[in-house]
Every structure is written in structure tokens, then in C-alpha cells.
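Visitor: I have a structure I would like to understand better, so I am pasting it below and will then ask my questions one at a time.
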Amino acid sequence: MDDKRVHITKNASTTVNIEMQNIVSIDNIDHIHEHSCEGVHIHDEKSIGKFLEILTLQSFFLTISLAIHSCIEGMIIGTSTDVNYVFISSFCILSHKWIAGVTVSLSLNSNNMNKTLKAILLLTFVFASPLGIVLGHMAKSAGQKVTCLINAVSIGTLLFIGCEILLNEIKQNISRKVRLCKWLSFCFSCLIAFALISFTTSMAPHTHGDIDTHVHVHHHDHDHDHDHGHNH
-3 MDDKRVHITK NASTTVNIEM QNIVSIDNID HIHEHSCEGV HIHDEKSIGK
47 FLEILTLQSF FLTISLAIHS CIEGMIIGTS TDVNYVFISS FCILSHKWIA
97 GVTVSLSLNS NNMNKTLKAI LLLTFVFASP LGIVLGHMAK SAGQKVTCLI
147 NAVSIGTLLF IGCEILLNEI KQNISRKVRL CKWLSFCFSC LIAFALISFT
197 TSMAPHTHGD IDTHVHVHHH DHDHDHDHGH NH
């Protein structure tokens, strides 16, 4: 009887030990799961923080804005039907594109960005104009309204970029005279741009439709004079 009692006691203690080990194992698993969840949560917060930090960088918005502007400029070329206008527009775009490229490069280089992200942003800026030319060529069949809309959006993005750069310059610790000079330079540049636009618009040759109308009216008058002389 004593041996049986000892055996039963040993089995009971063994069972209790196994149950305690299972409870400890479950507690360890829950503890590990909590640590892993906290680690994932901290990693997600760091990723979101880095993404928001990238979005707050001025160089990011500057590069994206210039890329959109370049794409719209390419669409203007793609929607053009006159060969001379295509050459003139291409020359005007290339004459200031190198300045935009230098600005983007310096802006990206001045920030502590990842090299991969810098390469992606730079390639986005480089291939924006060819992409715009392709899209403009595809949208050429939409008519003159699309071209006017593209021109309006392009001017808007250009003004946004100019104001963004100007505000960054004004925020610097400079004297009021220098700020006033920068404001006056910006306004004077806008006046020169509008004057050039008005001059080129007034000096532009007649369109094909005007020529056709003029020829049609000329032939109509000639036929009318011919019939009048024949009646006499």
C-alpha cells in the first residue's frame, strides 16, 4: 500500500510539473509574441516617419514639380502640328532645361536621402519630357481645347515652382533691401515673359485656316468680277 501511495504521489507531482511547464511555455510564447508585435509596430512607425520626412523635404516636391512641368512641356510639343513650332518649342525647352537639371541635382545632393531614392527622382525628371511628348502625340486627336488646357497647366506649374523658389530665398536671413530686390527681379522677369509672349503672338504668321479663308474669299471675289464682266 505504501508503495502504491508513493507511486501515485510521484505521478501526481509529475503531472503538476508538466502542467506548470506548459503554462510557462505559453507565457513565454505570449511574451515573445508581444515583443514581436512591438518590434513590428516600431518598425512600421519608423517607416512611416521616414516616408513623412521625405515628403517634407523641399527637394522632393521641387523634383516632382519640375518633372510634371517637363512632362507637360513635352505634351505641348507632342500636340503641335507645325514643324517650325516644334523646333522653336524644343529650343526654348532645352535652353532652360539644363538650369532645371542643375537645380534638381544640387537640391537632391544637399539632402541626406537614400541613393536609390535620389536615382529614382533624377530618372523621373529625365524621362518626364519624352513621356510627355508621347502622351501629347497620342492626345493630338482631341483638338485645340486639350492644347489650351495643357498650356494653362504648364504655366501654372511654372508659376508654382517660381514662387516656391522665391519663398525659399526670402526666408533666408537677409536684409530687407535684398528681399525687395529679389521681389522686384521676380516681377520684372514676369513682365518680360508676358511681353515676349505678346510680341511672339502678334508676330505669328496666319494659320492655315486664315490662309484658306483668304484664298476662298479671293476666288469668290474673282469669280464675281468675272461674272459681272461677262454680263456686261
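Note that the numbering used here has the sequence shown beginning at -3, numbered continuously upward. A virtual CB, placed ideally from N, CA and C, is assigned to each residue, including glycine.
Is the distance from the Cβ of T59 to the Cβ of L117 below 7 Å?
Guide: Numbered from 1 along the sequence shown, position 63 holds the residue referred to as residue 59. Numbered from 1 along the sequence shown, position 121 holds the residue referred to as residue 117. Yes, Cβ-Cβ distance for T59 and L117 is below 7 Å.
Visitor: Rounded to the nearest angstrom, how far is the Cβ of L164 from that of Q54, given a contact under 8 Å?
Guide: Taking the sequence shown and counting its residues from 1, one reaches residue 164 at position 168. Taking the sequence shown and counting its residues from 1, one reaches residue 54 at position 58. Checking the sequence shown, residue 164 turns out to be Asn, not Leu. With 8 Å as the limit, N164 and Q54 qualify as a contact, their Cβ atoms being about 7 Å apart.
Visitor: Using DSSP with H/G/I as helix, E/B as strand and the rest coil, what is I170?
Guide: Residue 170 sits at position 174 when you count from the first residue of the sequence shown. Of the three classes helix, strand and coil, the one that applies to I170 here is coil, per DSSP.
Visitor: Quick one: grab the DSSP three-state call for H215.
Guide: For the purposes of this step, residue 215 is identified with residue 219 of the sequence shown, where counting begins at 1. Summary for H215: the model assigns pLDDT 46, below 50, so the residue's position carries little reliability, and this model does not support an answer.
Visitor: Which ranges would you report for the alpha helix (DSSP H) in the stretch 75 to 146 if only whole runs of at least 4 residues count?
Guide: Counting whole runs of 4 or more residues, the stretch 75 to 146 contains the alpha helix (DSSP H) stretches 79 to 105, 111 to 122 and 124 to 134.
Visitor: Would you report the Cα separation of G70 and R172, rounded to the nearest angstrom?
Guide: As a position in the sequence shown, residue 70 is number 74, starting the count at 1. As a position in the sequence shown, residue 172 is number 176, starting the count at 1. Distance between the alpha carbons of G70 and R172 is about 39 Å.
Visitor: Are I72 and I146 touching if we call contact CB-CB under 7 Å?
Guide: Against the sequence shown, residue 72 aligns to sequence position 76. Against the sequence shown, residue 146 aligns to sequence position 150. It is a contact, given that the beta carbons lie within the stated cut-off.
Visitor: Does A124 pass the burial test, meaning 16 or more other C-beta atoms within 10 Å, or should it be called exposed?
Guide: The sequence position of residue 124 within the sequence shown is 128, counting from 1. A124 is buried by the Cβ-count criterion.
Visitor: Please return the same chain residues whose Cβ sits closer than 7 Å to the Cβ of L62, not counting the five positions on each side in sequence.
Guide: What you label residue 62 is simply residue 66 of the sequence shown in a count that begins at 1. A96, V100, F121 and I157.
Visitor: Take C144 as the anchor and find which of S181, F57 and I68 has the nearest alpha-carbon.
Guide: The count along the sequence shown starts at 1 and reaches residue 144 at position 148. Per the Cα distances, I68.
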